Each structure stands twice: as structure tokens, then as C-alpha cells.
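Worksheet for the structure shown next.
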Amino acid sequence: MREFARLVRYDTLTGLSGWRWAAVPVVFVLAGWNEISWLQANVRAPLNLWDGPLSMLLNGTVVIWVLALGFMLLVGDRYSQDRSRGTVALTLIRTRSRTSWWLARVTSIGILALAFSALGLSAALVVSAVRLPLELDPSAAAQGAWQAREAPYPRFEGLPMPAFFGFVVLYTAVALWPLGALVVTASVLSPQLYIPLGAAVLWTLVEAVALPGLILRDSDSADPFYHLLYAAHFTTPGGREGASWVWSACVISTALACAGAIGALKLRRSDM
Amino acid sequence: MSFTGPVVTLDGVGKRYGRHWALRGVDLSLSPGEVLGFIGPNGAGKTTLIRLLAGLVRRSEGEVEVLGSRIGDRGLTPDGIGLVPESPQFIPYLSARRNLEFLAAIRAVARSAQLTTVLERVGLDPKDRRPTRKFSLGMRQRLGLAQALMERPRLLLLDEPTNGLDPAGIVELREIIREVAGDGTAVFMASHLLTEVEQVCDRVILVRGGSILKEVRRSEEPTDKTVRVVVSRDADLDALEDWARRRGVRLAREGPDHDASRVRLVAVPASTPELIRELVREGVDIEEVAAVRRSLEQEFMDLVS
Numbered sequence: 001m002r003e004f005a006r007l008v009r010y011d012t013l014t015g016l017s018g019w020r021w022a023a024v025p026v027v028f029v030l031a032g033w034n035e036i037s038w039l040q041a042n043v044r045a046p047l048n049l050w051d052g053p054l055s056m057l058l059n060g061t062v063v064i065w066v067l068a069l070g071f072m073l074l075v076g077d078r079y080s081q082d083r084s085r086g087t088v089a090l091t092l093i094r095t096r097s098r099t100s101w102w103l104a105r106v107t108s109i110g111i112l113a114l115a116f117s118a119l120g121l122s123a124a125l126v127v128s129a130v131r132l133p134l135e136l137d138p139s140a141a142a143q144g145a146w147q148a149r150e151a152p153y154p155r156f157e158g159l160p161m162p163a164f165f166g167f168v169v170l171y172t173a174v175a176l177w178p179l180g181a182l183v184v185t186a187s188v189l190s191p192q193l194y195i196p197l198g199a200a201v202l203w204t205l206v207e208a209v210a211l212p213g214l215i216l217r218d219s220d221s222a223d224p225f226y227h228l229l230y231a232a233h234f235t236t237p238g239g240r241e242g243a244s245w246v247w248s249a250c251v252i253s254t255a256l257a258c259a260g261a262i263g264a265l266k267l268r269r270s271d272m
Numbered sequence: 273m274s275f276t277g278p279v280v281t282l283d284g285v286g287k288r289y290g291r292h293w294a295l296r297g298v299d300l301s302l303s304p305g306e307v308l309g310f311i312g313p314n315g316a317g318k319t320t321l322i323r324l325l326a327g328l329v330r331r332s333e334g335e336v337e338v339l340g341s342r343i344g345d346r347g348l349t350p351d352g353i354g355l356v357p358e359s360p361q362f363i364p365y366l367s368a369r370r371n372l373e374f375l376a377a378i379r380a381v382a383r384s385a386q387l388t389t390v391l392e393r394v395g396l397d398p399k400d401r402r403p404t405r406k407f408s409l410g411m412r413q414r415l416g417l418a419q420a421l422m423e424r425p426r427l428l429l430l431d432e433p434t435n436g437l438d439p440a441g442i443v444e445l446r447e448i449i450r451e452v453a454g455d456g457t458a459v460f461m462a463s464h465l466l467t468e469v470e471q472v473c474d475r476v477i478l479v480r481g482g483s484i485l486k487e488v489r490r491s492e493e494p495t496d497k498t499v500r501v502v503v504s505r506d507a508d509l510d511a512l513e514d515w516a517r518r519r520g521v522r523l524a525r526e527g528p529d530h531d532a533s534r535v536r537l538v539a540v541p542a543s544t545p546e547l548i549r550e551l552v553r554e555g556v557d558i559e560e561v562a563a564v565r566r567s568l569e570q571e572f573m574d575l576v577s
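Residue numbers (the numbering used here), protein chains in the order written: chain A, 1 to 272; chain B, 273 to 577.
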């Protein structure tokens with residue numbers, strides 16, 4: 001177990017390197033800025049700093065192209081890159097089983113998802129703090145009724161806003177985890193450099209078409225992309241019941257289990 | 273656990289990628305403290321063999337035994353192997369020491385003092401806090417060697433270890449390899465630099481197209497004795513050629529040098545003093561004579577051609 005934890009730490013540290021991480025706050029600052037401009041133009045009630053990033057996570061374009069594609073492009077080719085750089089060999093010869101080596105990789109993708117979500121949403125929060133009033137409480141706009149289309153986003157009313165923001169960061173990271181893991185698994189199946197990036201772009205294109213329909217129709221979708229939307233768990237303004245948290249946990253853990261099992265089976269008989 | 277038997281035994285090992293055989297029919301063994309060189313042109317199968325010994329690549333045929341463990345289809349690496357991959361990369365924003373600490377922690381074998389020692393041994397400053405992204409290729413190669421040595425391996429696998437090293441680094445690497453071998457570690461070194469391999473290896477395997485062409489023990493006397501003779505007059509050269517024809521000795525002209533003619537006599541049947549006496553009896557006026565040890569490069573080029 002200790003060896004596993006140390007492998008996870010090494011993989012995470014390796015995964016945090018690269019210029020692409022520097023682009024994350026920049027992209028989220030731009031997305032946050034755009035969201036705040038939209039809120040200021042369309043919401044009459046007073047806003048505050050929490051509204052920018054939380055409302056942004058209901059914007060389909062941001063969720064699909066910035067959040068999902070951004071994360072998949074960030075981590076998707078980690079296996080292929082590390083393999084060509086010799087990093088895979090350095091850790092693999094110190095590991096007693098390829099299965100634990102692969103599961104450590106999948107676990108480290110979860111930690112990287114948390115880093116991505118925290119970095120990106122914090123950047124959006126910072127830009128929101130620059131343009132909107134700094135307050136710890138929910139804004140007047142956020143205190144409106146979500147189901148009556150008065151609030152720009154749903155929230156847990158009893159939870160303080162910093163805690164709710166932290167919860168959304170954590171939930172988003174957990175929901176991003178299987179997307180990254182599945183794309184990295186694709187590169188294990190075919191370890192060419194273009195495979196993970198191609199798979200990420202293709203999957204995103206398909207979801208860009210399919211997701212709007214899912215949001216309107218299903219609350220029990222098995223599509224991992226759908227569960228990126230934390231708002232999907234709240235009753236919609238149209239009165240449809242939101243997805244259950246348990247169902248989201250099932251979808252996410254099933255996708256992770258698939259990534260873990262497929263990768264482990266493939267690596268058992270692969271040349272590294 | 274110490275091994276008295278071979279550290280590595282390969283029996284008819286082959287590795288196929290699709291229809292292409294990267295290795296075919298490789299038989300070899302490696303004893304503790306022995307330095308074995310594996311040399312050949314690019315694509316000869318050197319890296320494949322290193323990865324096969326490290327358990328990273330599965331064999332297509334034959335048997336592989338490393339440090340008493342049979343390397344099967346499951347791709348497991350036995351304990352006690354140090355691997356220096358070609359051009360290794362590290363976590364770029366961490367120092368050399370931090371990189372070693374995190375790698376060493378996976379198996380928790382190497383201690384902090386060992387890391388200091390191994391960094392000094394490969395010529396890196398253990399107190400250097402610069403991130404490894406600022407390292408030259410040669411420094412990364414040294415760090416690659418350090419990570420392989422820090423866990424005191426019983427088998428050290430080196431894939432093109434001189435890549436990026438400056439001349440001083442190459443000399444230091446040679447010394448390290450000799451020291452490591454002196455401690456009983458078996459060293460397997462793949463390279464395309466013939467002179468480097470020649471200077472450090474006890475035994476050299478010449479390989480091309482995945483097959484072993486020849487095995488050369490550097491301690492052995494060459495089977496074909498070669499002598500270089502320099503004469504200045506055409507008459508002496510004619511006499512020398514006449515003698516070589518009668519004695520069945522191969523003669524190769526090396527081209528004139530100033531006023532002298534240089535010839536190389538291959539497969540000379542006598543000792544050098546006897547050869548001189550014989551040539552004097554034949555009336556050849558000798559300007560210069562020297563026994564020539566055939567270099568690995570000549571052996572390899574002869575085999576390839």
C-alpha cells in the first residue's frame with residue numbers, strides 16, 4: 001500500500017509539470033470574465049464574487065470546451081509522453097505489479113483533476129473578485145428561487161458560500177476524473193501520441209451535439225459528461241427532478257472501474 | 273542474496289514486432305562482476321534486449337532468466353536491477369536530489385546518505401538546488417546513472433550511457449563502471465560507440481539485425497595476428513609480397529607515407545622476432561615493424577562487410 005501511495009505521489013508530481021498548466025488560469029480568467037459580462041447584462045439583482053465561477057459551470061460551452069476538453073488535453077497524453085521520455089521505465093522497474101502501477105496512474109489523474117478544478121475555478125473567482133463586490137454571503141441574485149428562474153445557479157441554501165464553492169470544486173474534480181482516465185486508457189490501447197488528443201477532441205465534438213439534448217431530457221444519464229454539471233442534481237426550473245448524487249457516484253465509479261480494468265488488462269501483456 | 277551462477281541467462285531468445293524480428297536466437301550469459309558490451313548499428317536490437325532484461329518487453333521465443341527469476345509473459349521486473357534508459361527524463365521542476373528521493377521512496381531501499389554518495393559518485397552536487405530542466409543532456413545522463421546506482425543493483429543495464437557526456441564524463445563513466453563491476457555487479461552496456469565499449473568491457477557481443485555476429489573476449493589474444501611493416505624501396509615491397517604469397521599470409525597495403533610503403537600482414541604464422549628474422553633472410557630491408565592489435569572496430573567492419 002505504501003508503494004502504491006508513493007507511486008501515486010511520483011505520478012502526480014510528474015503530471016504537474018509542463019507548460020500546459022500555465023495556460024489553465026489564463027483560459028479560466030477569460031471564461032470567467034465573459035461569464036461576468038453576461039451576468040451583468042442579464043441579471044438585474046446585485047451580484048457578488050461567487051456568482052462568476054458558479055454561474056460559469058452552468059454554461060454548456062464552458063463545461064464542454066474549457067472544463068472537459070481542457071482537462072483531457074492536459075492529462076490525456078501523459079502515458080504516451082512518459083513512455084517516450086523513459087519515465088514509465090523508471091517507475092515500472094521499481095513496481096512489483098503492472099496492475100498497481102496502472103491503478104496508481106489512474107489515481108493520480110484524480111489528484112490532477114482536483115488541481116485543475118481548484119486552479120481553474122480559483123482563477124475565475126479571482127477575476128470575479130476584481131469585477132464584483134467581495135462578500136462572504138450569497139448575492140441578492142443567488143438568493144432568488146432557482147426553480148422560479150430568479151437565481152443564476154442553484155445552491156444548498158444552508159451551506160455558507162465558501163463551503164459551497166469548495167464543494168463544487170471538489171465535485172467538478174471527481175466528475176472530471178473519469179474523463180481523463182478514459183482518454184489515458186485509450187492511449188494505453190494504442191500508444192501513439194495523436195491517439196489521446198484525437199480521442200479527446202472527438203469525444204468532445206460528439207458531446208457538444210448530444211449534451212444539450214441530455215440536459216433537457218434525462219436526469220439519469222449514463223454519460224460521464226452529463227455529471228460534470230453540478231446543477232443537474234437540482235430540480236430544474238421546469239420542475240423535472242434532478243439526478244441523484246448516488247447515480248452520479250455510480251456512473252463516475254463505473255467509468256473509473258472500466259478505465260482501471262481495461263488499462264490493467266492491456267498493460268499485463270504490453271511491451272513498455 | 274548473492275549469486276554465484278550467471279546473473280543473466282538467455283537461451284534462444286527472440287523478439288518480434290509484427291513481422292519484424294528485432295532479436296533472433298540470442299544465447300548469452302552474464303556473470304557477477306562481468307561487463308558485457310552489446311554493440312551494433314542503430315536498429316540492431318540493443319534497446320530491445322535491455323528492455324527485455326528489465327522485464328519491460330516480453331520475449332516472443334526462448335527463455336530469459338535474470339537474477340534467478342524467469343522473466344515470463346507478465347512483464348515483472350525482478351529486484352536488484354538498475355536501468356539507465358537512453359536519454360532519461362525527470363520531474364523538471366525538482367532538483368536532482370529531490371528527484372532521486374521520490375524515485376527511491378517507491379521501493380524505500382536507498383537511504384538519504386546513499387543518495388548523497390551516489391550523486392557525488394556520478395559527478396553531481398548533492399546540494400545543487402537547480403531544477404533538472406536546467407540540466408544539460410550530460411547532467412541528465414549522470415542523474416540517470418545515479419538513479420540506477422542508488423539502490424545498489426546486482427545487474428546494471430546501460431542503454432547508450434555515453435549520450436551527451438563530455439570527454440571527462442566518458443572517462444568518469446568508465447571508472448564508475450569498473451568500480452561497480454569490482455563490487456560484483458554485472459554490467460550490460462548497449463552502445464554503438466565501439467571504442468568506448470572496447471575500453472571498458474570484458475566481453476563484447478557484436479550484433480546486427482537482431483542476431484549475434486560474434487562474441488569477443490577482450491582478454492583473449494586475437495586469433496589472426498597482424499603486423500604492420502614499413503619498407504622504403506619497391507624491391508623490398510616486391511620481396512615482401514613474394515614472401516607473403518609463399519607463406520600464405522594476407523597482405524594489405526595501407527598506402528605510401530612519405531617515401532615509405534606501409535603494408536599490413538594478417539594471419540602471420542610466427543612471432544614478431546621470428547618474422548623479422550625471416551624477412552631479413554629474404555633480403556627485405558625493413559624500416560619499421562609493429563605488432564598491431566585488431567581493434568573492435570576492425571573486427572566489426574570485417575564482420576559487417
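Backbone N, C-alpha and C define an ideal beta-carbon position, used for all residues, glycine too. On a predicted model such as this, the values are computed, not experimentally measured, just so you know.
Compare the beta carbon distance of I64/A and F225/A with 9 Å and say whether it is the shorter of the two.
Against the first sequence, residue 64/A aligns to sequence position 64. Against the first sequence, residue 225/A aligns to sequence position 225. Going by C-beta atoms, I64/A is nearer than 9 Å to F225/A.
Give the interface partners of A115/A over in chain B, defined as CB-CB distance under 8 Å, in chain order.
Residue 115/A sits at position 115 when you count from the first residue of the first sequence. Here the premise fails: no neighbours, minimum Cβ distance about 14 Å.
How big is the Cα-Cα spacing for G238/A and R131/A?
Sequence index remark: in the first sequence, residue 238/A carries index 238 (1-based). Sequence index remark: in the first sequence, residue 131/A carries index 131 (1-based). Rounded to the nearest angstrom, the two C-alpha atoms are 31 Å apart.
Closest to A462/B by C-alpha separation, out of L366/B, T281/B, A420/B and V356/B, would be which residue?
Within the second sequence, the letter at position 190 stands for residue 462/B. With distances taken between CA atoms, A462/B lies nearest to V356/B out of L366/B, T281/B, A420/B and V356/B.
DSSP has F460/B in a bridge; who is on the other side?
Numbered from 1 along the second sequence, position 188 holds the residue referred to as residue 460/B. F460/B pairs with L308/B and L429/B.
Report yes if the C-beta distance between V279/B and L300/B is below 9 Å; otherwise report no.
Indexing the second sequence from 1 puts residue 279/B at position 7. Indexing the second sequence from 1 puts residue 300/B at position 28. Against a cut-off of 9 Å, the Cβ pair of L300/B and V279/B comes out as no contact.
Assuming I477/B and F310/B are in contact, meaning their beta carbons sit under 8 Å apart, how far apart are those beta carbons, in whole angstroms?
Within the second sequence, residue 477/B is the residue found at index 205, counting from 1. Within the second sequence, residue 310/B is the residue found at index 38, counting from 1. About 5 Å; that satisfies the 8 Å criterion.
DSSP three-state label for T498/B, please.
Along the second sequence, one-based indexing puts residue 498/B at 226. Per DSSP, reduced to three states, the secondary structure at T498/B is strand.
Can you tell me whether DSSP reads V561/B as helix, strand or coil?
Translated into the one-based positions of the second sequence, residue 561/B becomes position 289. Correct three-state label for V561/B: strand.
Contact criterion: CB-CB distance below 9 Å. Does T107/A meet it with respect to chain B?
Reading the first sequence from its first residue, position 107 is the one you call residue 107/A. Not one chain B Cβ lies under 9 Å of T107/A.
Under DSSP, the beta strand (DSSP E) around T281/B begins and ends at which residues?
As a first step, residue 281/B is located in the second sequence; it is residue number 9 there, counting from the start. From DSSP, the beta strand (DSSP E) with T281/B extends over V280 to Y289.
Taking Cβ-Cβ distances shorter than 8 Å, what residues in chain B pair up with R9/A?
Start at 1 with the first residue of the first sequence, and residue 9/A comes out as number 9. F374 and A377, listed in chain order.
Determine the DSSP secondary structure at I353/B, reduced to helix, strand or coil.
As a working note, residue 353/B is residue 81 in the second sequence. I353/B: strand per DSSP, three-state reduction.
Anyone know if the C-beta pair for L415/B and F407/B falls short of 9 Å?
Indexing the second sequence from 1 puts residue 415/B at position 143. Indexing the second sequence from 1 puts residue 407/B at position 135. Contact flag set, yes.
Quick check on this structure: which residue in V298/B, L409/B and V472/B has the alpha carbon closest to the alpha carbon of D486/B?
Here residue 486/B refers to the residue found at position 214 when the second sequence is read from its first residue. Asp is not the amino acid found at residue 486/B; the sequence shown has Lys there. Comparing Cα-Cα distances from K486/B to each of V298/B, L409/B and V472/B, the minimum goes to V298/B.
Quick one: Cα of D137/A to Cα of A181/A, how far?
Position 137 of the first sequence, counting from 1, holds the residue named residue 137/A. Position 181 of the first sequence, counting from 1, holds the residue named residue 181/A. Each residue's alpha carbon lies about 36 Å from the other.
Would you mind telling me which residues of chain B sit closer than 8 Å to A151/A, beta carbon to beta carbon, in chain order?
Sequence index remark: in the first sequence, residue 151/A carries index 151 (1-based). The premise fails here: A151/A is roughly 42 Å from chain B at the closest Cβ pair, so nothing lies under 8 Å.
If distances are taken between C-alpha atoms only, which option among E135/A, S117/A, A145/A and L103/A comes closest to L7/A?
Counting from one through the first sequence, the residue named residue 7/A turns up at place 7. The residue with the shortest Cα to Cα distance from L7/A is L103/A.
What's the C-alpha gap between E335/B and G482/B?
Residue mapping note: residue 335/B aligns to position 63 of the second sequence, counting from 1. Residue mapping note: residue 482/B aligns to position 210 of the second sequence, counting from 1. When rounded, the distance between both Cα atoms is 16 Å.
For a quick check, are the C-beta atoms of A142/A and W50/A less than 9 Å apart?
The residue labelled residue 142/A in the question sits at position 142 within the first sequence. The residue labelled residue 50/A in the question sits at position 50 within the first sequence. The beta carbons of A142/A and W50/A sit closer together than 9 Å.
Could you name the residues of chain A that S359/B contacts, counting a contact when the two beta carbons are closer than 9 Å?
Residue 359/B sits at position 87 when you count from the first residue of the second sequence. Here the neighbours are R85 and G86.
Comparing C-alpha positions only, which one of P154/A, P178/A, F116/A and Q192/A sits nearest to A23/A?
Along the first sequence, read from residue 1 onward, the residue named residue 23/A stands at position 23. Comparing Cα positions, the closest option is F116/A.
Below 9 Å between beta carbons: does that hold for H233/A and I252/A?
On the first sequence, residue 233/A is found 233 positions in, with the first residue counted as 1. On the first sequence, residue 252/A is found 252 positions in, with the first residue counted as 1. No, the pair does not count as a contact, with Cβ atoms beyond the cut-off.
Do P162/A and A259/A have their beta-carbon atoms positioned less than 9 Å apart in this structure?
Mapped onto the first sequence, residue 259/A falls at position 259. Mapped onto the first sequence, residue 162/A falls at position 162. Going by C-beta atoms, A259/A is not nearer than 9 Å to P162/A.
Does the beta-carbon distance from A199/A to G76/A come in below 9 Å?
Stepping through the first sequence from its first residue, residue 199/A is reached at position 199. Stepping through the first sequence from its first residue, residue 76/A is reached at position 76. For A199/A and G76/A, yes; Cβs fall inside 9 Å.
Rounding to the nearest angstrom, what Cα-Cα distance links S108/A and L13/A in this structure?
Counted from its first residue, the first sequence places residue 108/A at position 108. Counted from its first residue, the first sequence places residue 13/A at position 13. Using only the alpha carbons, I get a separation of about 9 Å.
Measuring straight from C-alpha to C-alpha, what distance separates R536/B and Q192/A?
For the purposes of this step, residue 536/B is taken as the residue at position 264 of the second sequence. For the purposes of this step, residue 192/A is taken as the residue at position 192 of the first sequence. Distance between the alpha carbons of R536/B and Q192/A is about 52 Å.
Out of P313/B, Q361/B and K287/B, which has the shortest C-alpha to C-alpha gap to L321/B?
Position 49 of the second sequence, counting from 1, holds the residue named residue 321/B. The option with the nearest alpha carbon to L321/B is K287/B.
What in chain A is Cβ-close to I353/B, meaning under 8 Å?
Within the second sequence, the letter at position 81 stands for residue 353/B. Result: I93.
Using the Cβ count rule (16 or more neighbours within 10 Å means buried), how would you classify V209/A?
Here residue 209/A refers to the residue found at position 209 of the first sequence. Classification of V209/A: exposed, given that the 10 Å Cβ count is below 16.
At a CB distance below 9 Å, what residues from the region 8-41 of chain A approach chain B? Give them in sequence order.
R9, Y10, L13, T14, L16, S17 and G18
Quick check on the burial criterion: 16 or more other C-beta atoms within 10 angstroms. Buried or exposed for Q40/A?
Sequence index remark: in the first sequence, residue 40/A carries index 40 (1-based). Exposed: under 16 other Cβ atoms inside 10 Å.
In or out: F156/A buried (at least 16 other Cβ within 10 Å) or exposed?
Taking the first sequence and counting its residues from 1, the one referred to as residue 156/A is at position 156. F156/A is exposed by the Cβ-count criterion.
Measuring straight from C-alpha to C-alpha, what distance separates G263/A and P425/B?
The sequence position of residue 263/A within the first sequence is 263, counting from 1. The sequence position of residue 425/B within the second sequence is 153, counting from 1. Whole-angstrom Cα-Cα distance: 30 Å.
Would Y10/A and I363/B qualify as a contact pair, given that the criterion is a beta-carbon distance under 9 Å?
The residue given as residue 10/A occupies position 10 in the first sequence. The residue given as residue 363/B occupies position 91 in the second sequence. Taking 9 Å as the Cβ cut-off, Y10/A and I363/B qualify as a contacting pair.
Taking the alpha-carbon of A118/A as reference, which of A145/A, F165/A, Q81/A and E135/A has the nearest alpha-carbon?
The sequence position of residue 118/A within the first sequence is 118, counting from 1. Selected option, being the one with the closest Cα: F165/A.
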